[in-house]
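K.L.:
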Amino acid sequence: MCKHLPMEPSGDPEARIRDLERPLADQAAANELGTHAYQDVAPPTTPVPPYPYPPYAQYGSPYYAPPQRVVDKRSHTTALWLIPLVVVGAIVAGAVAVVVFFNTGSPDSATPIPVPPISGGGGPLDPPPSVQTRIESTEQIVTVESGGFVSLGGVETRQTVVCDDGTVNISGVNNTIEVQGACTMVTVSGVENTVTVESADTISASGFDNRVTYRTGTPEISKSGRGNVVEPG
-13 MCKHLPMEPS GDPEARIRDL ERPLADQAAA NELGTHAYQD VAPPTTPVPP YPYPPYAQYG
47 SPYYAPPQRV VDKRSHTTAL WLIPLVVVGA IVAGAVAVVV FFNTGSPDSA TPIPVPPISG
107 GGGPLDPPPS VQTRIESTEQ IVTVESGGFV SLGGVETRQT VVCDDGTVNI SGVNNTIEVQ
167 GACTMVTVSG VENTVTVESA DTISASGFDN RVTYRTGTPE ISKSGRGNVV EPG
């Protein structure tokens, strides 16, 4: 014989129906009174559209920039090296200028003597001029014949020239020269030379601080350079 167990309240179908209807009745009563005990809102079933991304800027990505120009700053060491180079260049240029200046009046740069014209009409020819001669500074007395040429130079020398219608060229530094007799031309160049001329048709002085004194006559005088003096005495 079967034995039936008593049914629990949770197993009664009608009790379960009443339990399910009780919240609906409570909600309806609350709506009528104007109060909400609780409100359970179901989430929307429509999918939310994705958030639109902002448009890209015209200049491109913010993480990229065009390459910048690199400025090469010169070191101060380069400027310090240029200073001694400029000083050395100035010294070399000055030395070259002094050498060229002291060589002024050498036989290569001497004033050429004009060739006398040939006599016409079948007459005798004039004698040709003598060859140019360079005199060493060790000779104390020098003689220049008619139409001859002599060039004197050196540093701090004393010499005497006996001139007989010849040409004398004097250069160098701080020389003392005495020209005796009558000369066709006396040319003085160089630096701080002192020249005494007895007589000359033409006296030319160039260079720096040269002094030429002529004793007689009225020579044709030409000067250039700086500090040169040509005067009677």
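Going by our numbering, 61 is the number at position 75 of the sequence shown; the sequence numbering is gapless.
For each residue, glycine too, the CB sits at the ideal point set by N, CA and C.
(1) Of all Cβ atoms in chain B, is any one closer than 8 Å to the Cβ of residue 196?
(2) Counting C-beta neighbours from all protein chains within 10 Å, is the total for residue 137 16 or more, i.e. buried, or is it exposed?
(3) Give me the Cα-Cα distance between residue 127 and residue 147, rounded to the nearest whole angstrom.
(4) Where does residue 167 sit, in a helix, a strand or coil, going by DSSP?
(5) Take residue 207 and list the residues in its own chain whose beta-carbon comes closer than 7 Å to its own, dropping the five residues that flank it on each side.
(6) Would you call the CB atoms of residue 144 and residue 162 closer than 8 Å?
(7) In angstroms with no decimal places, state the Cα-to-Cα distance between residue 177 and residue 205.
(8) With distances taken Cα to Cα, identify the nearest neighbour of residue 199 among 210, 166 and 212.
(9) Which term fits residue 213, buried or exposed, when burial requires 16 or more other beta carbons within 10 angstroms of its beta carbon?
(10) Would you decide whether residue 186 is buried or exposed? Buried here means 16 or more other CB atoms lie within 10 Å of its CB.
(11) Please determine, among 160, 142, 140 and 129, the residue with the shortest C-alpha to C-alpha distance to residue 154.
(12) By DSSP, does residue 145 sit in helix, in strand, or in coil?
(13) Could you tell me how far apart the beta carbons of residue 180 and residue 201 are, in whole angstroms, since I believe they sit closer than 8 Å?
(14) Leaving out five residues on either side along the sequence, give the residues of the same chain with a beta carbon under 6 Å from the beta carbon of residue 149.
(15) To the nearest angstrom, how far is the alpha carbon of residue 66 from that of residue 74?
(16) Based on Cα-Cα distance, which residue from 141, 152 and 218 lies nearest to residue 135?
(17) Looking only at its chain, what residues have a beta carbon closer than 7 Å to the beta carbon of residue -2, apart from the 5 residues adjacent to it on each side?
P.N.:
In brief:
(1) Given the protein chain composition of this structure (a single chain), no chain B is represented.
(2) buried
(3) 6 Å
(4) strand
(5) 189 and 216
(6) yes
(7) 22 Å
(8) 166
(9) exposed
(10) buried
(11) 129
(12) strand
(13) In fact, because the Cβ distance is near 14 Å, the residues do not count as touching under 8 Å.
(14) 130, 165, 167 and 169
(15) 14 Å
(16) 152
(17) none
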